[in-house]
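The opening position of the sequence shown corresponds to residue 792 in our numbering, with each subsequent residue numbered one higher. A quick write-up on the structure given underneath.
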Amino acid sequence: MEISVSVLDMDFGHLEDSIKLLETADIDSLHMDIMDGRFVDNISFGPAIVRTIAQITKLPIYSHLMISRPEKYVKNFFESGSRGVTVHLETINEDNEYILETDNMGLSLNPDIELAGLDPYLNKVSEVLIMSVYAGFGGQKFIQSSLDRIRELRKKRERLGLNYKISVDGGINPEIVPLCVESGADEIIAGSYVSASRDPVKAVSALREAAQV
Ligand code: DX5
Ligand code: ZN
């Protein structure tokens, strides 16, 4: 199981310290939640901050774009040091679907969006990121029906012989992790459980332990 940690709810006054601390934890990557105040009702940060973070860490960085018109910015996020960029299915249409032809692209979708909408793109993307909360804010409660969606994507991957990574993002804590493992997720993305913890390294260990089911 891969573990990625979102920087969204970290103290931006001490971002470098927080990231250096996380480097000592057993995580696989950092997750950048990019919000534009349009696709979601929240604004976070843009490529300049991603670049700054990329310069202070060797951890791989993945950017999750919760923004309208992703085609305008995908390149920017790769150039800023993202190893992968995930966009939302809700923002993809026939005029911008070409962006999914780029290597290391992922697709995400909100809990109320039908999985079938992913079908035309599953052979192009390297990751499907299941939102287990509604995109926009950290600290929300995990939506249990996300587990069925993970199972379905896993089955579909086997049936079609594809190899996209299945990630789950939102409301992750050690009680939820075993359920994600059993459903077939390859990666969990944790935000507030780690960043709001007094001991983020210990919080990551608790997630790691919970994944050994
Ligand atoms: C929600 C973001 C998530 C979120 C994770 O819009 O995509 O990455 O910040 O944070 P928690 O773990 O607090 O739900
Ligand atoms: Zn995210």
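Glycine included, every Cβ here is placed at the ideal spot set by N, Cα and C. Please read these numbers as outputs of a predicted model, since none were measured by experiment.
- Per DSSP, the beta-bridge partners of His855 are Asp824, Thr877.
- Per DSSP, the beta bridge partners of Leu900 are Ile921.
- The Cβ-Cβ distance between Val916 and Tyr955 falls below 8 Å.
- For Ile840, the uninterrupted alpha helix (DSSP H) segment begins and ends at 838-847.
- The DSSP-derived three-state label of Glu793 is strand.
- Close to the ligand ZN, as judged by a C-beta nearer than 5 Å to any of its heavy atoms, are the residues Asp824, His855, Asp960, in chain order.
- In the three-state reduction of the DSSP assignment, Val968 falls in the helix class, which pools H, G and I.
- Annotation: Ile957 is outside any alpha helix (DSSP H); the continuous beta strand (DSSP E) that includes it extends over 956-960.
- For Leu900, the closest alpha carbon among the candidates Leu920, Asn884, Glu888 is that of Leu920.
- The three-state reading of DSSP puts Ala981 in strand, counting E and B together.
- Between Gln931 and Ser988, the alpha-carbon positions lie close to 15 Å from each other.
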